[in-house]
Amino acid sequence: MDNYESNINILNEIDKRLRRFNFNSKLELLRVLHHATSVINPNDDFLISLLPNNILRKQIRGNIYNHELAYLSLASIIGKEWGGYTPDISYNDLVKVIKLYREYNIPFKHKDDLNLSDQELLSQFSVRVGLQQFIYQRHPFKSFYRYHYLFNYESPEINVKKIFLELFGYEYEDYLLFSWALYNCSSKYWEIDKDNFIRTLGEIFRFSETKVKTLINTFLINREEFIVLYEQFATIDPKMKVYDFNPLLMKPIVTSNGSDLLFPMPFSIFIAVTEGMYQQICTAKGLEFKSAFGKHPYEDYIEHILKLHNYLYIKEFVYRFQKNNLRSPDFMLVKNNHVIFIELKARVPMISLRTTNYTKYKEELKTSLGAALAQCFKKEGHLKSGFINHEKLPKNISRISHIAITLEEFNIADETGLEEAIKENGGVLSDSSYHVMSTGTLESILEEDTRDIFQYCIDREEAGTTNRHLSDGDVKREKLTSTRDQNLMELIVKKNNLISK
């Protein structure tokens, strides 16, 4: 990789070309292009308009990628236009920019990382490229069911539903309906006129004008505020800016100088209405909320989905070890003589992970997954020494697997980095294998894989892919044609009598 260079001049040329064109036209064309080429609910009229004389036009469908549109949306917003008259951008102009973007050699190495091995570079690269590309590849309704459960959670320890209402004014189902309606409206109309959109939502959902405006404003940001938010997290290494955090993931609707609603990344509304809203709550409520959220709503959600799929599990309990009271793993799953230790971390990847150097990457690895896995191995030792006992545990355990689960995906496959992080947290490795995954991957195993989670772990361990493949890549999605996410959205739509509208 020593001869691999990022051709930064290409990104500079993209910026220069985009500055030539009218701001509104760039963002509108990006929106239309997404709907014209998407494989989900595509708009044939948009495609015909873009390519009126091309009988092979449908071949482009699925070949314009969301991460490309995401970067060009970001570049179009933060790069101010040249002074004077700027023409509208044409389809051919935009396609030339997309082709230019595809020539860019995305960087493996941060400017601070001078002496890393190829393996270290590739390990961190998997995190960067995952956050840059994989997030845009998921199904639109992915994680609706999870966040519907979490944002409606009520208990004596923490009332997330009350917090949500205080911050956002309305219930989470209203926001899910709004996201669905906004995407559908965007997929049908050449322009999203704000007044017409407010009136349409009022008629369909019987929402007041005040309510619709509140829903819109939750995801709305003007261009100047967008640039300020972007600059808070922007990298200082210009080669890495292709990985920069895109504020459209939290605020996907943009305005500028009294413009109509500009919505250049339509698919981002489904990210904004799930993990984006979680990030907004965390920003408002701070560390105390995050700690309570991980301990109560998140743990209870994992227990909820394990129950739905009839797993035999043992929830965390107190045991004695050398005159101290300690806690068992968050969950122990049991099947015959196979036991899986599960430790949960209600963490999402830090924004800086996209562009940071290797030292800071390892610090995050230690804090998140390393800490969880270290606990697994410590408690495995306590189990084998007879300190952890439970009536549901088999007498002759033949196999132990460990899983560290994070709220959102970290995209990590890094044996060396993880094992260092485990040891730095006081863990001692054993013959048992460990896995790291997101909640979404766990959901996919439970919902879509024909194997149970025990066989999933066994197959990975015997194939030796636990640290070579991302955990989500080893899921065999062949069981269901629909998921709880889709079923929930259909139920909400039916409940609001929207099927025929």
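Numbering (the working numbering), first residue to last: 1 to 501. Virtual Cβ for every residue (Gly too), placed ideally from N, Cα, C.
- Contact annotation: Glu-209 and Ile-198 have beta-carbon atoms nearer than 8 Å.
- Ranked by Cα distance from Arg-347, the first of Ile-314, Asn-324, Tyr-298 and Arg-327 is Tyr-298.
- A Cβ-Cβ contact shorter than 8 Å links Leu-312 with Lys-392.
- Per DSSP, the unbroken alpha helix (DSSP H) holding Glu-120 starts and ends at 118-132.
- Residues of the same chain with a CB within less than 8 Å of the CB of Gly-381, apart from the 5 flanking positions on each side, are Val-428 and Ser-430 in chain order.
- For the region 355-383, the full-length alpha helix (DSSP H) segments reaching 4 residues or more read 358-365 along the chain.
- DSSP places Ile-342 in the strand class (E or B) of the three-state scheme.
- In terms of Cβ geometry, Ala-181 and Ile-158 do not form a close pair [threshold 8 Å].
- Between the alpha carbons of Arg-146 and Ala-75 lies a gap of roughly 32 Å.
- Between the alpha carbons of Tyr-91 and Leu-29 lies a distance of about 7 Å.
- Annotated three-state conformation of Ser-433 is strand, per DSSP.
- The region 302-321 makes no contact with the region 79-96: fewer than 3 CB pairs, one atom from each, lie closer than 8 Å.
- Sixteen is the threshold: since fewer than 16 other Cβ atoms of the shown chains lie within 10 Å of the Cβ of Asn-336, the residue is exposed.
- Taken atom to atom, the span from the alpha-carbon of Gly-258 to that of Tyr-65 is near 30 Å.
- Here Ile-305 has Glu-443 and Leu-446 as same chain residues with Cβ atoms under 7 Å from its own Cβ, once five neighbours each way along the sequence are excluded.
- If the five residues before and after Thr-465 are omitted, its C-beta is found closer than 7 Å to the C-beta atoms of Asp-474, all from its own chain and listed in chain order.
- By alpha-carbon distance to Asp-244, the top candidate from Val-97, Leu-165 and Leu-131 is Leu-131.
- Boundaries for Tyr-319: no alpha helix (DSSP H) harbours it, while the beta strand (DSSP E) harbouring it runs 318-321, taken from the DSSP string.
- For Lys-241, same chain residues with a beta-carbon under 6 Å away, outside a window of 5 residues either side, are Thr-235 in chain order.
- Exclusion of the five residues before and after Ser-155 leaves His-296 as the residues of its chain whose Cβ lies within less than 6 Å of its Cβ.
- In the structure shown, Ser-438 falls within a strand segment according to DSSP collapsed to helix, strand and coil.
- DSSP, reduced to helix, strand and coil, places Val-160 within a helical segment of the structure shown.
- By the neighbour-count definition (other C-beta atoms within 10 Å, threshold 16), Ser-291 is an exposed residue.
- Between the C-alpha atoms of Ile-55 and Asn-43 there is a straight-line separation of about 16 Å.
- Boundaries of the beta strand (DSSP E) around Tyr-313: 313-315.
- One thing to note: Pro-264 has its Cβ within 8 Å of the Cβ of Leu-27.
- If you draw a straight line from the Cα of Asp-195 to the Cα of Ile-8, it is about 42 Å long.
- At the C-beta level, His-402 and Ile-314 stay beyond 8 Å of one another.
- In the three-state reduction of the DSSP assignment, Ser-401 falls in the strand class, which pools E and B.
- Look at Glu-154 here: in three-state DSSP terms it is strand.
- Remark: C-beta atoms of Lys-345 and Thr-441 do not approach each other more closely than 8 Å.
- Taking the Cβ atoms as the reference, Arg-20 lies roughly 23 Å from Thr-37, outside the contact range of under 8 Å.
- Between the C-alpha atoms of Val-493 and Gln-486 there is a straight-line separation of about 11 Å.
- The beta carbon of Phe-219 is closer than 6 Å to those of Lys-251, Pro-252, Ile-253 and Ala-272 in its chain, skipping five residues each way along the sequence.
- Within its own chain, the residues whose Cβ lies closer than 7 Å to the Cβ of Asp-15, once the five positions on either side in sequence are excluded, are Ala-75 and Gly-79, listed in chain order.
- Ser-187 is positioned such that its CB atom lies no closer than 8 Å to that of His-338.
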